[in-house]
């Protein structure tokens, strides 16, 4: 019976890691979609100052890369309940971020982002639910 619990737990951790990878890939495609007009020699949005907002770029890099990588590491190598709780908190944070980011479609509509952002939001929601289920199931075991 113990072997079955270990296999189930490992499978849940792997599924959560795969969902983190899907979120990271979705956020990467989201960024690339805004650059696609360059292939047709079209203009892309550039700041009026001509300078990149370094703080915003650092924040977005953290959201789109560092948070998912931490989630992947926590889900694959975190074996204690506290690690699972931290993974759940990161998943909740990324879900809220993606929810607010998807809501921007209502104020600043982009047809290019329409197929991407809702899917990233759905994957983030599944990730969040599975992460908290893992925490609760780990508490029972």
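In the working numbering, the protein residues as written are 8 to 148. Think of the CB as a built atom: it goes at the ideal place given N, C-alpha and C, for glycine as much as any other residue.
Integer-rounded CB distance, given that residue j should sit under 8 Å from residue i
i: residue 24; j: residue 83; result: 5 Å
i: residue 112; j: residue 120; result: 6 Å
Residue i (DSSP reduced to helix, strand or coil)
i: residue 119; result: coil
i: residue 75; result: helix
i: residue 125; result: helix
i: residue 62; result: helix
i: residue 111; result: helix
i: residue 51; result: coil
i: residue 85; result: coil
i: residue 8; result: Any answer about residue 8 is weak, because its pLDDT of 49 lies below 50 and its placement is not dependable; what the coordinates show is given next. Three-state result, residue 8: coil.
i: residue 57; result: coil
Buried or exposed by the 16-neighbour rule on C-beta atoms within 10 Å, applied to residue i
i: residue 74; result: buried
i: residue 48; result: exposed
i: residue 20; result: buried
i: residue 59; result: exposed
i: residue 95; result: buried
i: residue 33; result: buried
i: residue 8; result: Unreliable placement is indicated for residue 8, whose pLDDT of 49 sits below 50; no coordinate value is reported for it.
i: residue 64; result: exposed
Contacts around residue i, its chain only, beta-carbon distance under 7 Å, and the 5 residues preceding and following it disregarded
i: residue 131; result: 30, 101, 102 and 105
i: residue 42; result: 51
Inter-residue spacing [alpha-carbon to alpha-carbon] between residue i and residue j
i: residue 35; j: residue 144; result: 32 Å
i: residue 67; j: residue 18; result: 30 Å
i: residue 76; j: residue 91; result: 14 Å
i: residue 81; j: residue 40; result: 29 Å
i: residue 126; j: residue 136; result: 15 Å
i: residue 99; j: residue 62; result: 23 Å
i: residue 139; j: residue 108; result: 22 Å
i: residue 70; j: residue 93; result: 15 Å
i: residue 114; j: residue 22; result: 34 Å
i: residue 88; j: residue 97; result: 14 Å
i: residue 46; j: residue 133; result: 34 Å
Beta-carbon proximity list for residue i, same chain, < 6 Å, skipping 5 on both sides
i: residue 79; result: 24 and 27
i: residue 37; result: 123
i: residue 141; result: 19 and 91
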